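K.L.:
Protein chains: 2
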Amino acid sequence: MGNVSTTSDDILACARSLIVAGGYNGFSYADIADVVGIRKASIHHHFPSKVDLVRTLVARYREEAEAGMANLELQVSDPLEQLQDYAGYWEVCIADASAPFCICALLASELPVLPEEVGLEVRAHFRSLSAWLTSVLERGARLGRFQLMGTPRAEAEAFMATVHGAMLSARAYGDPKIFAVVTRPLLERLAPRSLQIQS
Amino acid sequence: MGNVSTTSDDILACARSLIVAGGYNGFSYADIADVVGIRKASIHHHFPSKVDLVRTLVARYREEAEAGMANLELQVSDPLEQLQDYAGYWEVCIADASAPFCICALLASELPVLPEEVGLEVRAHFRSLSAWLTSVLERGARLGRFQLMGTPRAEAEAFMATVHGAMLSARAYGDPKIFAVVTRPLLERLAPRSLQIQS
DNA sequence: CGCTACCTACCTTCTGGTAGGATGGCAGTC
DNA sequence: GACTGCCATCCTACCAGAAGGTAGGTAGCG
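Chain order of the listed sequences is A and B. Going by this note's numbering, the residue at position 150 of the first sequence is 202; the numbering climbs one at a time, nothing skipped. Going by this note's numbering, the residue at position 120 of the second sequence is 172; the numbering climbs one at a time, nothing skipped.
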């Protein structure tokens with residue numbers, strides 16, 4: 053299982069953290085070269101253009117997200133717990149500053165100036181995340197686990213929007229705790245109190 | 053009252069729409085020069101540096117926002133209506149694509165790479181908006197107009213985050229309607245149904 | 001006269017990207 | 001095992017254009 057971190061992986065990881073910090077136009081090949089300890093031109097060997105790099109990066113991010121959702125479907129049966137785990141994942145990422153922002157959420161804010169190929173990947177993530185949340189909420193409602201005020205789809209969009217907004221607020225305030233302040237009540241509201249299980 | 057649009061105002065207006073589209077690093081003096089019909093160097097006469105330009109821009113934006121909140125305090129007595137008007141303002145901006153994003157929300161996403169002076173203005177907007185929303189929710193709760201599940205502060209943060217996230221989703225889906233889909237139920241949930249007034 | 005607004009011309013640094021060469025490992029084959 | 005060709009990786013050196021910004025000048029106006 054030796055995953056010995058290839059250069060190309062290093063480049064992707066570095067680019068990811070740079071994008072999390074400042075978006076598509078917030079970093080350059082020179083920045084990556086400095087961090088990875090390689091020459092600028094060598095990056096072009098792995099990723100001919102910046103668009104190639106970022107498209108690959110977002111595609112991989114999407115795969116990971118997709119895998120994460122699939123994993124929650126397999127490992128966790130309770131819909132409320134699935135949402136708690138999803139929110140909890142980000143809570144940790146933000147708290148330890150390891151990846152304090154969803155790169156697709158960040159890139160979406162720059163969508164109008166994004167290369168089209170990158171934009172397509174970003175939009176696809178929104179659709180896929182929304183679809184999963186919708187299915188979780190729909191199942192939770194069917195099981196009587198959730199008390200929805202609108203359609204599962206509408207609640208899913210609201211949930212996603214609130215999580216993204218909470219990331220933004222945590223960044224604006226420079227305070228990771230604000231993420232939980234916003235998302236915790238979101239989960240509490242979905243499930244009737246009598247059915248709550250503290251994890 | 054003849055506000056005959058000075059060049060400096062044109063520059064600010066142009067920069068604003070460029071920032072709305074792509075953030076701080078998403079535009080250049082050359083872009084502004086093209087649109088305003090002026091030479092690059094002439095922009096430096098009005099705003100010596102890019103930081104000056106954007107700081108001024110955000111400061112003015114904050115003044116407008118502050119004025120908008122003050123106006124809602126004067127013109128609208130009902131707390132629910134105040135929030136409806138606030139959300140409705142953005143609903144229109146997004147629908148007609150005149151300014152489909154709050155520049156402070158957008159800039160906040162790039163905070164780590166923003167010049168410090170700009171970052172300070174952006175953070176200040178978050179604090180001021182949050183404070184106003186808190187006061188509205190607090191008053192609404194006192195008047196029995198709102199049924200809050202958490203503290204006014206926590207509900208205010210959740211409200212703000214959801215509005216920001218809804219802007220992001222509207223952009224990601226390329227569909228203005230999603231903003232209302234997310235924010236309308238947000239308002240409906242705050243006020244007990246018996247007290248709702250359809251505007 | 002002095003000031004504002006704008007200009008042309010220029011500078012430096014950074015940008016993404018290219019050309020072409022050195023190194024080194026790995027297959028094939030004699 | 002030695003020789004050979006090939007390919008992946010990384011390099012130096014370079015490029016054109018865009019970035020933000022400066023120097024210095026001109027036109028108009030109170």
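Ideal placement from N, C-alpha and C gives every residue a C-beta, glycine not left out. On a predicted model such as this, the values are computed, not experimentally measured, just so you know.
If we call anything under 7 Å between Cβ atoms a contact, is A/L172 one with A/Y76?
P.N.:
Going by C-beta atoms, A/L172 is not nearer than 7 Å to A/Y76.
K.L.:
Measure the C-alpha to C-alpha separation of A/I90 and B/S161 and round it to an integer number of angstroms.
P.N.:
Straight-line Cα distance between these residues: approximately 29 Å.
K.L.:
Taking the CB atoms as reference points, tell me whether B/G202 and A/P237 lie closer together than 7 Å.
P.N.:
The answer is yes: Cβ separation under 7 Å.
K.L.:
Does DSSP classify B/S246 as helix, strand or coil?
P.N.:
In this predicted model, B/S246 has a pLDDT of only 48, less than 50, meaning its place in the structure is not dependable enough to derive any value.
K.L.:
Between which residues of its own chain and B/M53 is the CB-CB distance below 6 Å, once the five residues before and five after are set aside?
P.N.:
Confidence in B/M53 is poor, its pLDDT being 42 and thus under 50, which makes the residue's placement unreliable; the coordinate value appears in the next sentence. Result list for B/M53: empty, nothing under 6 Å.
K.L.:
List the residues of chain B whose Cβ lies closer than 7 Å to the Cβ of A/T214, in chain order.
P.N.:
The contacting residues are A210, A213, T214 and G217.
K.L.:
Report the residue from B/Y113, B/F198 and B/V88 whose alpha carbon sits nearest the alpha carbon of B/P131.
P.N.:
Among B/Y113, B/F198 and B/V88, the Cα nearest to that of B/P131 belongs to B/F198.
K.L.:
Please return the same chain residues whose Cβ sits closer than 7 Å to the Cβ of A/R107, not counting the five positions on each side in sequence.
P.N.:
Correct list, in chain order: E169, V170 and E173.
K.L.:
Inspect the CB distances between the region 88-104 of chain A and the region 113-133 of chain A and report whether three or more fall short of 8 Å.
P.N.:
In short, these stretches do not touch, since the Cβ pair count stays below three.
K.L.:
Are the region 223-232 of chain B and the region 139-152 of chain B touching by the rule of at least three beta carbon pairs closer than 8 Å?
P.N.:
Yes, they touch.
K.L.:
Taking A/P164 as the reference, which of B/D62, B/A224, B/A82 and B/V87 has the closest Cα?
P.N.:
It is B/A224.
K.L.:
What in chain A is Cβ-close to B/V233, meaning under 7 Å?
P.N.:
Near B/V233 (Cβ distances below 7 Å), the residues of chain A are A206 and E209.
K.L.:
For A/G146, return the contacting residues in chain B, with the cut-off set at a CB-CB distance below 9 Å.
P.N.:
Reading the sequence as shown, one finds Ile at residue 146 of chain A and not Gly. By Cβ distance, chain B contributes nothing, its closest Cβ being about 13 Å from A/I146, past 9 Å.
K.L.:
Should A/A218 go down as buried or exposed, given a rule of 16 or more other Cβ atoms within 10 Å for buried?
P.N.:
Label assigned to A/A218: buried.
K.L.:
Using a Cβ-Cβ cut-off of less than 7 Å, give me the residues of the region 100-129 of chain A that come near chain B, in sequence order.
P.N.:
Residues passing the 7 Å Cβ filter: none.
K.L.:
For chain B, is any of its Cβ atoms less than 7 Å away from the one on A/V165?
P.N.:
Cβ-Cβ to chain B under 7 Å: yes for A/V165.
K.L.:
Let's test the definition: count the other Cβ atoms within 10 Å of the Cβ of B/G226 and tell me whether it reaches 16, buried, or not, exposed.
P.N.:
Burial call: exposed.
K.L.:
Taking a Cβ distance cut-off of 7 Å, strictly less, list which residues of the region 64-82 of chain B are near chain A, in chain order.
P.N.:
Under the 7 Å Cβ criterion, the region 64-82 of chain B contributes A73, G74, G75, N77 and G78.
K.L.:
Starting from the Cα of B/A117, find the closest Cα among B/S69, B/L220 and B/C156 and give me that residue.
P.N.:
Checked all of B/S69, B/L220 and B/C156; the closest Cα to B/A117 is B/C156.
K.L.:
I'd like to confirm something about B/E207: is its beta-carbon nearer than 6 Å to some heavy atom of the ligand ADP, or not?
P.N.:
Absence of the ligand ADP is noted for the structure shown, with no ligands found whatsoever.
K.L.:
Could you work out which residues of chain A lie near B/S180, taking near to mean beta carbons separated by less than 8 Å?
P.N.:
Those within 8 Å of B/S180 in chain A number zero; the least Cβ separation is about 12 Å.
K.L.:
Using the beta-carbon of each residue, which ones in chain B are nearer than 7 Å to A/P237?
P.N.:
Neighbours of A/P237 on chain B, chain order: M201, G202, A206 and A210.
K.L.:
Report yes or no: do three or more beta-carbon pairs, one from the region 65-84 of chain A and one from the region 55-73 of chain B, lie closer than 8 Å?
P.N.:
Output reads no: the region 55-73 of chain B does not touch the region 65-84 of chain A.
K.L.:
With DSSP as the reference, label A/E240 as helix, strand or coil.
P.N.:
Correct three-state label for A/E240: helix.
K.L.:
How about A/L195: is its C-beta nearer than 7 Å to some C-beta of chain B?
P.N.:
With 7 Å as the cut-off, A/L195 does not count as an interface residue toward chain B.
K.L.:
Identify the contact partners of B/S187 in chain A, using a Cβ-Cβ distance below 9 Å as the criterion.
P.N.:
Simply none; closest approach about 18 Å.
K.L.:
If we call anything under 7 Å between Cβ atoms a contact, is B/L195 one with B/A208?
P.N.:
Cβ distance not < 7 Å, so B/L195 and B/A208 don't count as in contact.
K.L.:
Quick check: is the beta carbon of A/E143 nearer than 7 Å to any beta carbon in chain B?
P.N.:
For A/E143, the answer is no, since every Cβ of chain B falls outside 7 Å of its Cβ.
K.L.:
Is B/A160 close to chain A? Criterion is C-beta to C-beta, closer than 7 Å.
P.N.:
So yes, B/A160 belongs to the interface.
K.L.:
By the three-class DSSP mapping on this structure, what secondary structure does B/L166 have?
P.N.:
Looking at B/L166 - three-state DSSP - the assignment turns out to be coil, as it is neither helix nor strand.
K.L.:
Considering only residues of the same chain and omitting the five flanking positions on each side of B/R114, which have a CB-CB separation below 6 Å?
P.N.:
Answer for B/R114: H177, listed in chain order.
K.L.:
Run the CB neighbour count on A/Y141, radius 10 Å, all protein chains shown included, and call it buried at 16 or more, exposed below.
P.N.:
Exposed, since its Cβ has fewer than 16 Cβ neighbours within 10 Å.
K.L.:
Determine, using beta carbons only, whether A/L64 and A/L109 come nearer to each other than 7 Å.
P.N.:
Taking 7 Å as the Cβ cut-off, A/L64 and A/L109 qualify as a contacting pair.
K.L.:
Please state if the CB of A/L242 and the CB of A/M212 are separated by a distance shorter than 7 Å.
P.N.:
No, these two residues do not count as a Cβ contact at 7 Å.
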